[in-house]
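Notes to accompany the following structure.
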Amino acid sequence: MRRSALVNSAPLSPPPPIAGNRALVVSLHDVSPRTRAECAEILGQLAALGVPRCSLLVIPDHHHRGHFLADADCAAWLRAQAAAEHELVMHGYYHQRARREGESVSAKWTTRIYTADEGEFYDLGRPAAAALVSKAREDFRQLGVEPAGFIAPAWLLSAEAEAALRELGCEYTTRLGSVVELQTPRVWPSQSLVWSVRSAWRRQVSRAWNELLFRRLTANPLLRISIHPVDLRHPQIWQQIRDLVSRASADREPLTYHEWLARQRAVTSARGSPR
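Once you know that position 199 of the sequence shown is 198 in numbering that gives the first Met the number 0, the rest is easy, because the numbers rise by one and skip nothing.
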């Protein structure tokens with residue numbers, strides 16, 4: 000079968016800067032056949048709020064319950080999102096980590112309580128990480144997409160897994176508090192807003208924390224807002240997300256991670272050019 004032209008990581012012409020070079024990256028996590036309906040609803044609402052494109056963090060085989068290539072409707076929808084200038088980002092492979100015997104208290108807290116057994120790349124060795132990322136990248140290519148970035152579930156990425164990403168030529172990853180260029184030493188500090196909704200107390204704390212964080216990041220050149228499909232099911236959480244996105248997009252330019260990094264490279268190159 001003839002493969003369509005690859006999109007996503009083709010060299011970008013950096014978008015023209017707006018005043019102050021203030022950017023907003025909205026990322027939609029956990030995109031898969033299981034969440035497609037909610038993701039489509041979220042993207043429609045974001046577009047109405049002035050965010051026409053996002054970074055979509057796609058899970059190839061979400062919890063081993065359905066690969067996106069096995070779902071023709073989902074595969075077509077993903078291709079359509081890429082054609083509409085959303086960025087498709089590799090987001091783990093299964094988004095699931097099996098529990099292990101003899102784990103430390105710290106490991107149990109991080110993988111079971113903090114991330115509900117979804118920290119797939121939390122402690123992966125280099126060969127295992129490389130195999131999964133290579134497999135994910137080939138799956139994306141079957142869609143006609145060449146992914147530029149890899150973002151681990153819950154941002155939990157072992158040092159060995161990060162080394163594998165660098166060796167595979169991945170362009171970037173993100174942590175909770177930063178955007179990391181993998182083929183250069185550059186790390187861009189930027190704490191992401193994100194919501195925890197698994198209990199009432201988590202939702203209450205998340206709302207207070209994200210309002211505070213939004214205000215603290217007012218002067219930051221990059222604002223990151225990370226959304227999960229489940230956020231849509233909680234009216235107070237979703238209303239806060241809508242409000243913060245609307246406020247941010249009033250004076251920031253919505254970009255994908257790939258676009259934002261292209262802009263940073265252009266600025267760095269211009270500063271280093273001889274006059």
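All residues carry an ideal CB built from backbone N, CA and C; glycine is no exception.
Since residue i and residue j are thought to touch, with beta carbons under 8 Å apart, how far apart are those beta carbons, to the nearest angstrom?
i: Pro59; j: Ala135; result: 5 Å
i: Glu166; j: Leu123; result: That pair is no contact at about 14 Å.
Output the distance between the C-alpha atoms of residue i and residue j, rounded to the nearest integer angstrom.
i: Glu210; j: Leu45; result: 19 Å
i: Ala71; j: Ala83; result: 18 Å
i: Ile226; j: Ala269; result: 33 Å
i: His28; j: Gly101; result: 31 Å
i: Leu68; j: Gln141; result: 8 Å
i: Arg262; j: Pro220; result: 12 Å
i: Ala81; j: Ala39; result: 13 Å
i: Arg264; j: Cys169; result: 16 Å
i: Ala18; j: His66; result: With a pLDDT of 37 at Ala18, under the threshold of 50, the modelled position of this residue cannot be trusted, and the question is left open.
i: Gly91; j: Asp242; result: 29 Å
i: Gln238; j: Leu48; result: 12 Å
i: Val144; j: Val24; result: 20 Å
i: Leu164; j: Val204; result: 34 Å
i: Ser198; j: Thr267; result: 44 Å
i: Arg99; j: Ala106; result: 10 Å
i: Val132; j: Leu155; result: 15 Å
i: Arg215; j: Ser189; result: 11 Å
i: Val179; j: Trp200; result: 31 Å
Report the three-state DSSP secondary structure of residue i (helix, strand or coil).
i: His66; result: strand
i: Thr114; result: coil
i: Pro152; result: helix
i: Pro126; result: helix
i: Arg289; result: What is shown of the chain runs 0 to 274, which leaves residue 289 out entirely.
i: Ala336; result: The requested residue 336 is not part of the displayed model; the chain covers only 0 to 274.
i: Val193; result: coil
i: Thr173; result: strand
i: His28; result: strand
i: Pro228; result: helix
i: Leu216; result: coil
i: Leu181; result: coil
i: Ser272; result: Confidence at Ser272 is low in this model, with a pLDDT of 48, below 50, so its placement is unreliable and no value can be given for it.
i: Leu142; result: coil
i: Asp60; result: strand
i: Ser205; result: helix
Counting only beta-carbon atoms, is residue i nearer than 9 Å to chain C?
i: Leu167; result: Going by chain labels, chain C is absent from the structure shown, which holds only one protein chain.
With a threshold of 16 other CB atoms inside 10 Å of the CB of residue i, please say whether the residue is buried or exposed.
i: Pro234; result: exposed
i: Asp138; result: buried
i: Glu119; result: buried
i: Thr172; result: buried
i: Pro32; result: buried
i: Thr34; result: buried
i: Arg251; result: buried
i: Gly148; result: buried
i: Pro152; result: buried
i: Ser103; result: exposed
i: Leu175; result: exposed
i: Pro228; result: buried
The segment 254-261 / the segment 34-54 touching (three or more Cβ pairs under 8 Å): As far as the Cβ criterion goes, the segment 254-261 touches the segment 34-54, which means the pair count is three or higher.
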